[in-house]
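Residue numbers (this note's numbering), protein chains in the order written: chain A, -6 to 378; chain B, 370 to 1116. Each residue gets a CB set at the ideal place from its N, CA and C atoms; glycine is no exception.
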């Protein structure tokens, strides 16, 4: 993301102008824009003109509109952000108060005006504009018959392709069916990889599977590349890394990222850091349950005692439509920082973020055990399913 | 010539007096001979009149009378034709003496009955029956059908009708409680009432509805049911509606129904139905009951009584314990392997340098397995012992021949495969390596001896034979054997095996000692005089096969058959019985398919029973949508399909506690699906089962709990209390088994 202008006064009011460059930046924009903010961007509007004779014709006109955001919609797969809201600035084509839906597009400037820029948002702007954070990683987790081709960025894990085929088992005397099925499967996976993974941008391509499937696939891929003389693939041979996973399902990506071979290659990716933090939380929960808590109430109680060492929260909490709730979480984060705690915000598109979300979205590792939190709590909080 | 004097003065009325009489009068009006009347009057119908003589004598008079009647009326009106003897081909026959209201009722009854019987019964007979029973549709229908049965030659129509009926209808006629049946008096009894049946099915939660039934019903079943259930012919609608429903569903059914409950009740109606041809009270002889009435248990006994009992055996154990070699050698000694083939294996293995593997190659089919020395998939072999036929499911193992291959990865993959096969096993052979140090490695927490033992225990296998292998490397030392026996015994008892179910056998896979022949080695015979491995396998009691339960076939493999393009599915029949030309429902899709062929071990058979490993060729399914994990089931009682289940699990020792949102891979039967533990309901005491904590925050290792598991895709499951063996599941994370459990509820 390119930062063009940042005007924030000491009250917290201000405007920031940005240009998103890729899908991840649009994800950052999605997290930045809250209901009530004013967004100014260039967009296309259908305008109806009535001529003197009475016949109306509609043209599509490109203008710059400022709308007050009401609803945000983010499409993960296509990486498209749509913002619905009312027009708040006079415009020659659009009336005030008229509804319009803006598309936040890549490589087009938009400016965001907020009434109050909280610390989380400012931090996110900085993170988005930081060029060193872009570690793109492609991963293929597979097992016989199932494969997921994913793109792992610092903030998102997008499954680009999911392949699910049924491969006949080896039977007495009919092993050829199995072989053929397997070849067909590899072919499909390879096509998916070639189509969805940009080999020039990506730093590393992981191929993970239980057993020997990954070796067979790698062999198949090199053979085919050689046969079809795919220069690009042959040149990026060094980027491919074979690792072990326990299954071909999406959540095994977690284990892949923890593999030491992988972490050595890509040190300090945000994704790996998140996984590590969550792992630590679970370990603390196992070893010393009074030092690990989740759920807003418990965490708040721990915070009041200044006991939080690490706070893990999912960014979904900050995207809620209710302003009061957002403020609540922002206040919590600020106070933890104030007490010299470490705050890790998990992206909800990562596997670990999804897992944290299931665990109410907020969790904390404490400095010292606090068993009284558990006993204070009445067990009658509702669990809706 | 209009000006001619004759023409001008013509009186046209006179001229045309009889002119138009021809119009609107057809010869048929006066000489009505419709096909049915011709048939009735002039053809001799043996079923109605037994005496040809009387017919011949009687014919002229009837004809003569009619002629007279006609002549006397001339071209008269319609009334004369509507005598009791004849009817014309247009419109229903309505007797004259009825007033308009009665006529209306008669016509409505006529319509209702027509709906049921179609065109097979004449209007005349229907009207007669309706009048006799005083406009009571139900009673009239009953009478008509009994007459029809008696009158019609054989089950000609019934056979056709019964074949037309789709299998799904069987499900619909199922448990209609008498209360609901009583309420459904509207449609005449005997029509399978879809509406009461469907709420019942809906109540069973999360199940796909079978397509609505067609109305046409075979006569035989209904009659047979009626004959059986109310011989005294109590004509109440409730009884009649209850009769076809309570009688075990159409003749094809041989399984119990949920409403009937319990196995015992199903057998009695079945047996009583079998006797029904005899006590058919009102003379309704179901002359040809459809031959598909079958009693699964009886057939099973008949067909399999003289064949050996079949058991499924799985071989488990740590890496390098020598499982494949042991089994390979055993098969060789039993003569299942050609000597020439054995020799070939030997020379080839010597060439590669793995001579010790020659026996293991018997079971390893694919090239990769041979080169790597690893059994990847599970092989499938059958051999005979003196008393039993044993289907051997070898268990994959790994071999550290290529040290650069990640040991972890190999065992992980093997475990995944192994689960599906172990799920089908009845008995297990645990192979342990007696070599110094090897046993310890296998038995430690990282080794697979423990894990495999826990695995098969949680899958329901209770008979275990422990083969203490490679004793030749320790010189057949008894102390070593006893040591292993002691340690394993303690461990296995803690897992849940009973001492009486364990048998320990010393042996050697490579030399073949104590496998089929009694021990020869002097060092062994000095202290061991027990049974050989084969004898131990032989002595396992065969488990009870659930042949009476509804059909359940969990599919383990899907492929296209060799010659035909029809889809084949392989799996083990867990319950019930399957015959060629049966209709089955494929869940979770809910499609209905017909069984075109069944084969066991490449040999086609006509029927297969619970416990058999079969390959079924189906028609009528979409080949693309079938995967491992579909279930072929009885259309009347399909298996439940759901995304959320509640299960009671026992958690093994784990690194990280289980919390809400914990992602696992659930292994159920042959299927592995990703799932999340969405709710921790309560934590239970490990052995007593009492509730320790409601809504715990997390579950530590070595505990027991009730949890709710949500799958990503709908799966077919069975409750533990319905099917003991098939209500078990296993939770695994990152290649380790973390918990095993029973499915208690489907949400």
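If contacts are defined as beta-carbon pairs under 8 Å, then residue 358(A) and residue 285(A) qualify, I think. What distance do you get, rounded to the angstrom? Counting from one through the first chain, the residue named residue 358(A) turns up at place 365. Counting from one through the first chain, the residue named residue 285(A) turns up at place 292. Right, the Cβ-Cβ distance comes to about 6 Å (below 8 Å), so this counts as a contact.
Cutting at 6 Å between CB atoms, please list the residues of its own chain near residue 842(B), excluding the five before and the five after it. One-based indexing of the second chain puts residue 842(B) at position 473. Excluding positions up to five away in sequence, the list reads 804.
On a CA-only basis, which of 266(A), 82(A), 203(A) is nearest residue 335(A)? Give me that one, please. Taking the first chain and counting its residues from 1, one reaches residue 335(A) at position 342. Ranking 266(A), 82(A), 203(A) by Cα distance to residue 335(A) puts 266(A) first.
Should residue 956(B) be labelled buried (16 or more other beta-carbon atoms within 10 Å of its own) or exposed? If you number the second chain from 1, residue 956(B) lands on position 587. By the neighbour-count definition (other C-beta atoms within 10 Å, threshold 16), residue 956(B) is a buried residue.
Where the alpha helix (DSSP H) containing residue 1105(B) begins and where it ends: Along the second chain, read from residue 1 onward, the residue named residue 1105(B) stands at position 736. It is not in any alpha helix (DSSP H) - residue 1105(B) instead sits in the beta strand (DSSP E) that spans 1105 to 1115.
Please name the residues in the region 1066 to 1092 of chain B whose beta-carbon is closer than 9 Å to at least one beta-carbon of chain A, in chain order. 1066, 1067, 1069, 1070, 1077, 1079, 1081
Beta-carbon neighbours of residue 362(A), restricted to chain B and to distances below 9 Å: Position 369 of the first chain holds residue 362(A). In chain order: nothing, as chain B lies at least about 14 Å away.
Report the three-state DSSP secondary structure of residue 430(B) (helix, strand or coil). By one-based count along the second chain, residue 430(B) stands at place 61. Any reading at residue 430(B) needs caution, since the residue's pLDDT is 46, under 50, leaving its predicted position unreliable; the model's value is listed next. Helix.
Cβ atoms of residue 1115(B) and residue 1014(B): under 9 Å apart, would you say? Here residue 1014(B) corresponds to residue number 645 of the second chain, with the count starting at 1. Here residue 1115(B) corresponds to residue number 746 of the second chain, with the count starting at 1. Closer than 9 Å, so yes.
In whole angstroms, what is the alpha-carbon distance linking residue 502(B) and residue 491(B)? For the purposes of this step, residue 502(B) is taken as residue 133 along the second chain, with counting starting at 1. For the purposes of this step, residue 491(B) is taken as residue 122 along the second chain, with counting starting at 1. Taking the straight line joining both Cα atoms gives about 17 Å.
Consider the Cβ of residue 613(B): report whether some Cβ of chain A lies at a distance smaller than 9 Å. The residue you call residue 613(B) lines up with position 244 of the second chain. With a pLDDT of 39 at residue 613(B), under the threshold of 50, the modelled position of that residue is not reliable, and no figure is offered here.
To the nearest angstrom, report how far apart residue 604(B) and residue 1083(B) are at their CA atoms. Your numbering for residue 604(B) matches position 235 in the second chain. Your numbering for residue 1083(B) matches position 714 in the second chain. The predicted position of residue 604(B) is uncertain, since its pLDDT is 39 and thus under 50; no value can be drawn from it.
Under the DSSP definition of a beta bridge, which residues are partnered with residue 93(A)? The sequence position of residue 93(A) within the first chain is 100, counting from 1. Residue 93(A) pairs with 78(A).
Residues bridged to residue 65(A) (per DSSP): Residue 65(A) sits at position 72 when you count from the first residue of the first chain. Its beta-bridge partners are 76(A).
C-beta contact flag for residue 510(B) and residue 498(B) at 9 Å: Numbered from its first residue, the second chain carries residue 510(B) at position 141. Numbered from its first residue, the second chain carries residue 498(B) at position 129. The answer is yes: Cβ separation under 9 Å.
Contact check, residue 202(A) vs residue 136(A), beta carbons under 9 Å: As a working note, residue 202(A) is residue 209 in the first chain. As a working note, residue 136(A) is residue 143 in the first chain. Judged by their CB atoms, residue 202(A) and residue 136(A) are nearer to each other than the 9 Å cut-off.
Count the other CB atoms, across all protein chains shown, that sit within 10 Å of the CB of residue 1039(B); report buried if there are 16 or more and exposed otherwise. Locating residue 1039(B) in the second chain gives position 670, counting from the first residue. Answer is buried; the Cβ neighbour count reaches 16.
Residue 1115(B) CB to nearest heavy atom of the ligand FAD below 8 Å: The ligand FAD is absent from the structure shown, which contains no ligand whatsoever.
Can you find at least 3 beta carbon pairs, one from the region 864 to 874 of chain B and one from the region 829 to 840 of chain B, that sit closer than 8 Å? Look at the beta carbons and you see the region 864 to 874 of chain B touching the region 829 to 840 of chain B: at least three pairs across the two are nearer than 8 Å.
If you measure from the beta carbon of residue 995(B) to each beta carbon in chain D, is any gap under 9 Å? The structure shown contains no chain D; the protein chains it does contain are A and B.
Give me the Cα-Cα distance between residue 1103(B) and residue 354(A), rounded to the nearest whole angstrom. Taking the first residue of the second chain as 1, we reach residue 1103(B) at position 734. Taking the first residue of the first chain as 1, we reach residue 354(A) at position 361. Whole-angstrom Cα-Cα distance: 23 Å.
Of all the beta strand (DSSP E) runs that stay within the bounds of the region 796 to 857 of chain B, which reach a length of 3 or more residues? 796 to 802, 832 to 838
Consider the Cβ of residue 839(B): report whether some Cβ of chain A lies at a distance smaller than 9 Å. Stepping through the second chain from its first residue, residue 839(B) is reached at position 470. Closer than 9 Å: no.
Identify every residue that forms a DSSP beta bridge with residue 144(A). In the first chain, residue 144(A) corresponds to position 151, counting from 1. The partner list for residue 144(A) (beta bridge, DSSP) reads 131(A), 151(A).
Counting only the same chain and skipping the five closest in sequence on each side, list residues whose C-beta sits under 7 Å from that of residue 1052(B). By one-based count along the second chain, residue 1052(B) stands at place 683. So the qualifying residues of the chain are 1061, 1062, 1065, 1068, 1072, 1074.
Listed by chain order, chain B residues near residue 242(A) by CB distance under 9 Å: The residue you call residue 242(A) lines up with position 249 of the first chain. Within chain B, the residues near residue 242(A) are 1032, 1034, 1041, 1042, 1043, 1081.
So is residue 796(B) buried or exposed if we call it buried at 16+ other beta carbons inside 10 Å? Numbered from 1 along the second chain, position 427 holds the residue referred to as residue 796(B). Buried, since its Cβ has 16 or more Cβ neighbours within 10 Å.
Near residue 226(A), which residues of its chain fall below 8 Å by C-beta distance, leaving aside the five closest residues on each side in sequence? Here residue 226(A) refers to the residue found at position 233 of the first chain. Result list for residue 226(A): 187, 192, 214, 218, in chain order.
Any C-beta of chain B sitting closer than 9 Å to the C-beta of residue 13(A)? Here residue 13(A) refers to the residue found at position 20 when the first chain is read from its first residue. It does not; no Cβ of chain B falls within 9 Å.
For the region 152 to 236 of chain A, list the beta strand (DSSP E) runs that are entirely contained and at least 3 residues long, ordered along the chain. Counting only runs of 3 or more, we get 197 to 202.
Name, please, each residue of chain B whose Cβ falls closer than 7 Å to the Cβ of residue 352(A). As a working mapping, residue 352(A) is identified with position 359 in the first chain. Within 7 Å Cβ-Cβ: 1028, 1029, 1030.
Residue 682(B) and residue 759(B): beta carbons closer than 9 Å? To locate residue 682(B), count along the second chain from 1; it is residue 313. To locate residue 759(B), count along the second chain from 1; it is residue 390. Closer than 9 Å, so yes.
9 Å Cβ cutoff, residue 1096(B) in contact with chain A: Indexing the second chain from 1 puts residue 1096(B) at position 727. Taking Cβ atoms only, chain A never reaches closer than 9 Å to residue 1096(B), which makes this a no.
Does chain B have any CB closer than 9 Å to the CB of residue 203(A)? Residue numbering aside, residue 203(A) sits at position 210 when the first chain is read from its first letter. Interface residue, yes.
How is residue 404(B) classed by DSSP in three states: helix, strand or coil? Residue numbering aside, residue 404(B) sits at position 35 when the second chain is read from its first letter. Three-state result, residue 404(B): helix.
Should residue 920(B) go down as buried or exposed, given a rule of 16 or more other Cβ atoms within 10 Å for buried? For this step, residue 920(B) is matched to residue 551 along the second chain. Result: buried.
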